[in-house]
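For what it's worth, our numbering labels the leading residue of the sequence shown as 4, then goes sequentially. Note that beta-carbon positions come from the ideal geometry of N, C-alpha and C, so glycine has one too. Because the structure is a prediction, the values reported are computed rather than measured. A short write-up of the structure that comes next.
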Amino acid sequence: MKFSHSLQFNSVPDWQDYYIAYSNLKKIIYQLEKIATQTEPNDDLESRSLIGESGRATNVFIPALDKELSKITTFFTRTEAGIQGELNLLVSDLEQCERSLFPEASNNMFRPSRLSLAPTNPNRVSVIKEQSSKQRQSVLSLAWEDGAPGSAEASPRMEEARIPTFKVWTDSHPDQVQRFRTRIVSLFVQFSELKGYIDLNMTGFRKILKKFDKITNNDLKDKYINTVVKESYPFNSITKRKINHAVEQLQSMYAAICCNGDMEAAEVDLRSHLREHIVWERNTVWRDMMSMERKVTAAGVRQEATQQAITGRKRRSSVLGVTVPTSSTSVNVWAILACLIVFIVLLSIRIFDAPEKQNCFALLIFVSLLWATEVIPLFVTALVIPMLVVFLRVLRSDDGHFTRLTAQQATQRIFGTMFSPVIMLLLGGFSIAAALSKYNIAKALATWVLSKAGTKPSTVLLANMIVATVASMWISNVAAPVLCFSLIQPILRTLPANSPFASCLIMGIALASNIGGMASPISSPQNIIAIDNMNPHPSWAEWFFITIPICLVGDLLVWGLLLWNYKPPTNTPINYIRANREPFSRTQIFIISVTVLTIILWCVESQLADVVGDMGIIAIIPLVVFFGTGLLTKEDFNNFLWTVIILAMGGIALGKAVESSGLLHTIADHIRILVDGLSPWKILVVFCSLVLVIATFISHTVGALIILPIVAEVGNSLPDPRPRLLVMGAALMCSGAMGLPVSGFPNMNAIMLENETGVRYLNTRDFLKNGVPGSFLIMLIVISLGYGLMLILGY
4 MKFSHSLQFN
14 SVPDWQDYYI
24 AYSNLKKIIY
34 QLEKIATQTE
44 PNDDLESRSL
54 IGESGRATNV
64 FIPALDKELS
74 KITTFFTRTE
84 AGIQGELNLL
94 VSDLEQCERS
104 LFPEASNNMF
114 RPSRLSLAPT
124 NPNRVSVIKE
134 QSSKQRQSVL
144 SLAWEDGAPG
154 SAEASPRMEE
164 ARIPTFKVWT
174 DSHPDQVQRF
184 RTRIVSLFVQ
194 FSELKGYIDL
204 NMTGFRKILK
214 KFDKITNNDL
224 KDKYINTVVK
234 ESYPFNSITK
244 RKINHAVEQL
254 QSMYAAICCN
264 GDMEAAEVDL
274 RSHLREHIVW
284 ERNTVWRDMM
294 SMERKVTAAG
304 VRQEATQQAI
314 TGRKRRSSVL
324 GVTVPTSSTS
334 VNVWAILACL
344 IVFIVLLSIR
354 IFDAPEKQNC
364 FALLIFVSLL
374 WATEVIPLFV
384 TALVIPMLVV
394 FLRVLRSDDG
404 HFTRLTAQQA
414 TQRIFGTMFS
424 PVIMLLLGGF
434 SIAAALSKYN
444 IAKALATWVL
454 SKAGTKPSTV
464 LLANMIVATV
474 ASMWISNVAA
484 PVLCFSLIQP
494 ILRTLPANSP
504 FASCLIMGIA
514 LASNIGGMAS
524 PISSPQNIIA
534 IDNMNPHPSW
544 AEWFFITIPI
554 CLVGDLLVWG
564 LLLWNYKPPT
574 NTPINYIRAN
584 REPFSRTQIF
594 IISVTVLTII
604 LWCVESQLAD
614 VVGDMGIIAI
624 IPLVVFFGTG
634 LLTKEDFNNF
644 LWTVIILAMG
654 GIALGKAVES
664 SGLLHTIADH
674 IRILVDGLSP
684 WKILVVFCSL
694 VLVIATFISH
704 TVGALIILPI
714 VAEVGNSLPD
724 PRPRLLVMGA
734 ALMCSGAMGL
744 PVSGFPNMNA
754 IMLENETGVR
764 YLNTRDFLKN
774 GVPGSFLIML
784 IVISLGYGLM
794 LILGY
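Shown next as structure tokens:
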């Protein structure tokens, strides 16, 4: 692996801007090489050096190295001072707690320690006497007194310093143990990261200087490393010993408090936490999300491969003379054939008076069956829609004569309809989500909130649910649960076996992400579909006015439901989540500014309609800015959830076909007769109940694609037209349907989570026990609080 890739992979994500700029230094070397080659074109290439004027190259390169070293030194000094201050405070708090818990030993100058330390070498004493607070402080002073920044030589007395130890704690103080345990683990991780920061940058200097010497035929490496780099504060021997001493001190504390004095067990445990932290820190939301989708897609492939490995041959079957592998594939083929038979039958019989209505009805049922059974991918079914719309000639003219369009006319109409402004709104939302995720803005904000939650189970659960809901507003309810599940990994891995809080926490995030799917227009595809069926389109301010109170009340009610069902013990040991202490960089501030500006423009879009025309035009702003400045790359664009976009485009095409053919008006008339005489509130209850049932068993987006156009038409045909109210309520209920593991991506993501032994945290019973009543709670909120808020806005 190239060192530039290794540097990117092994660096602490929050510190990436403060590592040696290896790639930039390498570019400088190549530029010097190019200049020298151009100035010596006539020299013998084998006899001359690659760069003849090595002195000039050195004069250019050394200032660049000095600039990087200064950057590293400044960052290291500031970071180390903050962490060292936390360590000193931890020592002080621990000593104070010891004096209160073990008063009989507080006045002893030297009290025997029951802490048996595994020696680091054969000459080391295995039992170290504990010292009083005053003596421990003197030992620390002895260790640090010669370690001032810039010192070139280590103090001989450093070797004589011993790690202060503490009295071995018992299990009678679980609250104090958990409190100090989380602080020790956090500091151990920070010091270990700081140590890795030094080593990685030193390797960077060695490699870049080696490359410089090779290309320029110079001998700068050893001189610069020994006289400049090693003399600087982060890389001198005293600093390294200082950090090693702090790490050993933390291991000693952890051994005394958590491991009954076993130093080896303490080291193993702390390094396990460090490994988990590294995996967690290196996580990327979009990479995890794409990995999750690939895992779902590949499940059948792995099952087939396993079957082949067991039987040693492929199982094949023949359907209509076509040989297909595996029984599962043949089942899909038979399911497709069944759907096709229904489609052909519906085309043959006459239920409606016009052929375009009949053909569109057959198309609607056929596509709904394919979506409901998922015998082929959802987006593939969406691609079938415009093809069948043209073949079946279901579109009619809009001139009042309602003549059937020709194939050429229908093609232009349907493709022009599919790429609507709401699709651009979806793309703009994806670009904002990608930028917030790629530059760790969403993660930084989420960890800051979670760091304030403490270690009380009920508070931690509520904090994670709120984070999941808010994250769903801005990075969609597809990416939000992936982010939140990665954030809670340190908590899950430190919980006792079979702890009810693990299931409670995962379920809370899944349900809160579903609730967050209604929070903003870009939270989920069903919201985009709802906006397309509302005329005029609701502004972002109107959407927030309705959804934010619903989401907050919904989170609180589901939170109470989860606590009632799982009853997590109040003394559950919960690992503290450390917040990112680094200030936002200029890049992050720029991304936040563009995001806030875009949202503000979306909120006031109705006042700017004469200028911007539609929210879809405003959505171009983040796309142009983020991709135009290079913050997002072509790879980021390719990683957009294009399957969701295609699905939404297919749904828009289906809606246009059902409307243009006249089928939508006919169906709406029949439904209006059934609900004739009912008040708008009762009609809302009927549609919310219908949507709740449908969206529980099939995709939320698919449910919205099928139901919302019908709801809008029914609302328009009422004596007191309320199309926006009914569409908005039904769309919110699509997100609130969360009773089964297949009800939305957050649920599917949650049911797939496994512990270290490969056992899933959740099962279907968890969703039936929590998701079903949670869905009914959300429906009650939508038809009560939501209904009132929509009436206030005049819906």
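Rounded to the nearest whole angstrom, the CA to CA distance from Gly58 to Pro16 is 37 Å.
Less than 7 Å separates the beta-carbon of Lys224 from that of Lys213. Note that the C-beta distance between Ala733 and Phe690 is below 7 Å. Taking 4 residues as the minimum length, the alpha helix (DSSP H) runs contained wholly in the stretch 677–707 are 683–700, in order along the chain.
If the five residues before and after Ala413 are omitted, its C-beta is found closer than 6 Å to the C-beta atoms of Val393 and Leu398, all from its own chain and listed in chain order. Boundaries of the alpha helix (DSSP H) harbouring Asp613: Ala612 to Val615, taken from the DSSP string.
Arg407 and Gly665 have their C-alpha atoms spaced approximately 11 Å apart.
Looking only at Val762, Val627 and Ile649, the smallest Cα-Cα distance to Leu708 is reached by Ile649.
Annotated as distal: Ile621 and Thr458, with beta-carbon spacing of 7 Å or more. The beta-bridge partner set that DSSP reports for Arg278 is empty. Taking every protein chain shown into account, the CB of Tyr200 has 16 or more other CB atoms within 10 angstroms, so this residue is buried.
Taking Val180 as reference, the option from Thr550, Cys262 and Leu486 with the minimal CA-CA separation is Cys262. Beta bridge pairing from DSSP links Arg399 with Arg407. The C-beta distance from Leu565 to Asn773 rounds to 6 Å, short enough to meet the 8 Å contact threshold. Annotated as distal: Val730 and Ala522, with beta-carbon spacing of 7 Å or more. Rounded to the nearest whole angstrom, the CA to CA distance from Phe593 to Phe629 is 10 Å.
For Gly419, same chain residues with a beta-carbon under 6 Å away, outside a window of 5 residues either side, do not exist. For Arg244, the enclosing alpha helix (DSSP H) covers residues Ser240 to Cys261. With a cutoff of 7 Å on beta-carbon distance, Ala60 and Leu28 are scored as not near each other. By a beta-carbon distance limit of 8 Å, Phe64 contacts Phe215. Their separation comes to about 6 Å. When Ile435, Ala482, Thr450 and Leu794 are compared, the shortest CA-CA separation from Thr601 is found for Ile435. DSSP places Glu377 in the coil class of the three-state scheme, outside both helix and strand.
Within the same chain, Cβ atoms closer than 8 Å to the Cβ of Asn247 are found at Lys198, the five residues on either side in sequence being excluded. For Asn536 and Tyr569, the gap between their C-alpha atoms comes out near 40 Å.
If you draw a 10 Å sphere on the C-beta of Gly777, you find 16 or more other C-beta atoms in it, and that means buried. In the displayed model, Glu98 falls within a helix according to three-state DSSP.
Ranking Leu350, Leu626 and Val627 by CA distance to the CA of Ala365 puts Leu350 first. Contiguous alpha helix (DSSP H) elements confined to the stretch 9–36 do not occur, taking only those with 4 or more residues. Here Arg209 has Lys224 and Ile228 as same chain residues with Cβ atoms under 8 Å from its own Cβ, once five neighbours each way along the sequence are excluded. A Cβ-Cβ separation of about 6 Å places Cys363 in contact with Ala660 under the 8 Å criterion. Selection Gln11, Met205, Ala24 and Phe355 evaluated against Ile670 yields Phe355 as nearest (Cα-Cα).
Of the candidates Pro524, Cys554, Thr550 and Gln87, the residue whose Cα lies closest to the Cα of His540 is Pro524.
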